[in-house]
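Input: a single structure, listed below in structure tokens.
There are 2 protein chains.
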Amino acid sequence: MSRKPVVLIAFGGNALIQKGQKGTAEEQLENLRLPMRVVANLSRDYRVVISHGNGPQAGNLLLQQESCREVPAMPLDVVGAMTQGQIGYMIESSLDAALTEAGEDRLFITVLTFTEVDKNDPLFKNPTKPVGPFYTEEEAAQRPYTMVKTDKGHRRVVASPKPVAIAQHREIKQLVEEDYIVICCCGGGIPVVREGRSFRGVEAVIDKDLASSTLAQEIKADLFVIATDVKGAAIHWGKPEQRLLGRVSLEEMKGYVREGHFPAGSMGPKVEALLGFVEGTGNRAVICHLDDIEKAVAGEAGTEISK
Amino acid sequence: MSRKPVVLIAFGGNALIQKGQKGTAEEQLENLRLPMRVVANLSRDYRVVISHGNGPQAGNLLLQQESCREVPAMPLDVVGAMTQGQIGYMIESSLDAALTEAGEDRLFITVLTFTEVDKNDPLFKNPTKPVGPFYTEEEAAQRPYTMVKTDKGHRRVVASPKPVAIAQHREIKQLVEEDYIVICCCGGGIPVVREGRSFRGVEAVIDKDLASSTLAQEIKADLFVIATDVKGAAIHWGKPEQRLLGRVSLEEMKGYVREGHFPAGSMGPKVEALLGFVEGTGNRAVICHLDDIEKAVAGEAGTEISK
């Protein structure tokens, strides 16, 4: 059993598809090169767990399904599983090359991940998360989905319930103890509800950062990193007095949350994910730019929250 | 470490999609119910490894990609990875329900699997395996693929090189030793070639039974089962003197191969996969109908080859 500290890194969408890109396989593999070099380097001193988003990849699959009525469309849970295979493979390919380059011989594995949600979660009654393509009013009327009207057309919305537990947390913990680099929890995990002792997939999407925080707590990670497209969390966002936060205490950060500094659609869930981890484990959590992961792990970049 | 014997079961396409079905998620989950009950029952006395085909699922994805030019098409290796996620999830869901029903608390895991092929394999020069949709002559001319003309139109063909090694065989062996039910090698694995010490995905498809046989040898399985849509291997197939083979020796079976009893497109690779396993391990291998797996494991159904 390895004694190296465990770091869980939740990669944002920009690790795979950058602004203005359509998301070809070549683009995604190229984008992953630098982040996976970082993982390979970190793996000398840390046991690394990788989680990541799947928004554009799932969106592309939903769009393809809409365009091809000959083939039965898969429900959202199955689409999520497909993106876990797709992204897991691309990460493994890049990681394999990076480990070879770094001269590290290390086992890695992608774990298909289900995230348990509560079927009575009130958020199921209020679907807010847009998924898939835009529809005209007529197209929207023909589909059995809850829709919202946006500037660009009608769009399907689904619930985004809170993660309760990661179904595979035992397996992931065991693999981490054996010093595998584990790739998991893609897109927040495939949402399932518990029915007796077994699980059933549901049509929902789970916030990737909240699910990663849940997993990081379950496997008792020593450090939880959210790697995204901003330098960290800022207060007074978009105002002249905007200020990027460096090291802050749990209590200080909770104060900023109460004051409404972090909007629900973007920084809010990230901060909630970080706070949940620090409260649950007493360990530190940091949000940083994708390019600053090594510095952030060393305590030299990003917004770091500790007890 | 578990001491139960290890059985690797390679499931044919009929475990997921039956004749005349389009392959909705509901159909696939329903079809998996009985086979996964069998796996749950067997898991009491055996450590079980599950592999399976992905032909129709990959074909559906290729068709969707063709129908939607807005979204970048993924190459075959990535499509293979997507089917590994999709089918792995459906198998896990069914297996979870079956284990619950059987009162078995057992860990299971899907391992994304790469299959190493030789980049100098002569079969790369002679692509024969049809994949994806049918094209008109004009459509075919616009595509950068090797095509064949069939009765139903033009169709892309890719190489089907021989599997050399399963890249994840160490990981799979370790998980099997820990008594995980491991789902892997879907669609014969994602084809990769070795470049130095790292891997690169290639546009090919690998025979699922040959890849399963390679893995079964690498993990030293005690029994290798191919579960398909026929009762076993027959000699004089389609002739009045047709005879289903029961228990046969390795030498006897090799004789039938030499006499040309097993056609290249169907029973040939299955028999080759079985023979490879028996020669490589000295253990027994059996081909049987999907409905007869438990009997076949007990030595009471199918065509069984032993030394």
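Line order of the protein sequences matches chains A and B. The first sequence: position 36 = 28 (my numbering), numbered continuously. The second sequence: position 202 = 194 (my numbering), numbered continuously. For glycine and all other residues, C-beta sits at the position ideal for the given N, C-alpha and C.
Limits of the unbroken beta strand (DSSP E) element including residue i
i	result
residue 81 of chain A	Residue 81 of chain A -> not in any beta strand (DSSP E); alpha helix (DSSP H) instead, spanning 68 to 94.
residue 276 of chain A	276 to 281
residue 155 of chain B	155 to 158
residue 289 of chain B	It is not in any beta strand (DSSP E) - residue 289 of chain B instead sits in the alpha helix (DSSP H) that spans 285 to 289.
residue 301 of chain B	Residue 301 of chain B is absent from the structure shown; chain B starts at -7 and stops at 299.
residue 43 of chain A	39 to 44
residue 150 of chain A	145 to 150
residue 297 of chain B	295 to 298
Short Cβ contact (8 Å threshold) for residue i with residue j
i	j	result
residue 158 of chain B	residue 206 of chain B	yes
residue 240 of chain A	residue 175 of chain A	no
residue 295 of chain A	residue 279 of chain A	yes
residue 50 of chain B	residue 219 of chain B	no
residue 198 of chain A	residue 103 of chain A	no
residue 41 of chain B	residue 213 of chain B	yes
residue 242 of chain B	residue 267 of chain B	yes
residue 244 of chain B	residue -6 of chain B	no
residue 67 of chain B	residue 113 of chain B	no
residue 299 of chain A	residue 263 of chain A	no
residue 45 of chain A	residue 80 of chain A	no
residue 167 of chain A	residue 162 of chain B	no
residue -2 of chain B	residue 36 of chain B	no
residue 87 of chain B	residue 43 of chain B	no
residue 273 of chain B	residue 209 of chain B	yes
residue 259 of chain B	residue 225 of chain B	yes
residue 78 of chain A	residue 124 of chain B	no
residue 69 of chain A	residue 194 of chain A	yes
residue 317 of chain B	residue 89 of chain B	The shown model of chain B, from -7 to 299, leaves out residue 317 of chain B, and the question about it has no answer.
residue 48 of chain A	residue 9 of chain A	yes
residue 85 of chain B	residue 191 of chain A	yes
Delimiting residues of the alpha helix (DSSP H) encompassing residue i
i	result
residue 319 of chain A	No statement about residue 319 of chain A is possible, as the shown extent of chain A runs from -7 to 299 and does not include it.
residue 0 of chain A	Segment -2 to 3 is the beta strand (DSSP E) holding residue 0 of chain A; no alpha helix (DSSP H) there.
Rounded Cβ spacing between residue i and residue j (contact assumed at less than 8 Å)
i	j	result
residue 74 of chain A	residue 20 of chain A	Rounded, the Cβ-Cβ distance is 15 Å, inconsistent with contact.
residue 177 of chain B	residue 204 of chain B	6 Å
residue 201 of chain B	residue 2 of chain B	6 Å
residue 122 of chain B	residue 140 of chain B	7 Å
residue 227 of chain B	residue 253 of chain B	5 Å
Report task. With a floor of 4 residues, list each alpha helix (DSSP H) that falls wholly inside the stretch 215 to 266 of chain B, ordered by position along the chain. Result -> 242 to 250
Any chance you could list the beta strand (DSSP E) runs of at least 3 consecutive residues sitting entirely within the stretch 161 to 211 of chain B, in chain order? 173 to 176, 182 to 187, 190 to 193
Would you check if the stretch 147 to 156 of chain A and the stretch 1 to 17 of chain A touch, i.e. whether three or more CB-CB distances between them fall below 8 Å?
-> no
Quiz item: Can you find at least 3 beta carbon pairs, one from the stretch 176 to 193 of chain B and one from the stretch 106 to 114 of chain B, that sit closer than 8 Å?
Solution: yes
Quiz item: Looking at C-beta atoms only, is the number of pairs between the stretch 88 to 101 of chain A and the stretch 125 to 134 of chain A that lie closer than 8 Å three or more?
Solution: no
- Counting pairs of Cβ atoms below 8 Å between the stretch 220 to 232 of chain A and the stretch 267 to 277 of chain A, do you hit three or more? no
Those runs of the beta strand (DSSP E) which lie wholly inside the stretch 95 to 142 of chain B and span at least 3 residues: 100 to 103, 106 to 109, 121 to 127, 139 to 142
**Message:** Across the stretch 50 to 63 of chain A and the stretch 62 to 71 of chain B, are there enough close Cβ pairs to call them in contact, namely three or more that are closer than 8 Å?
**Reply:** yes
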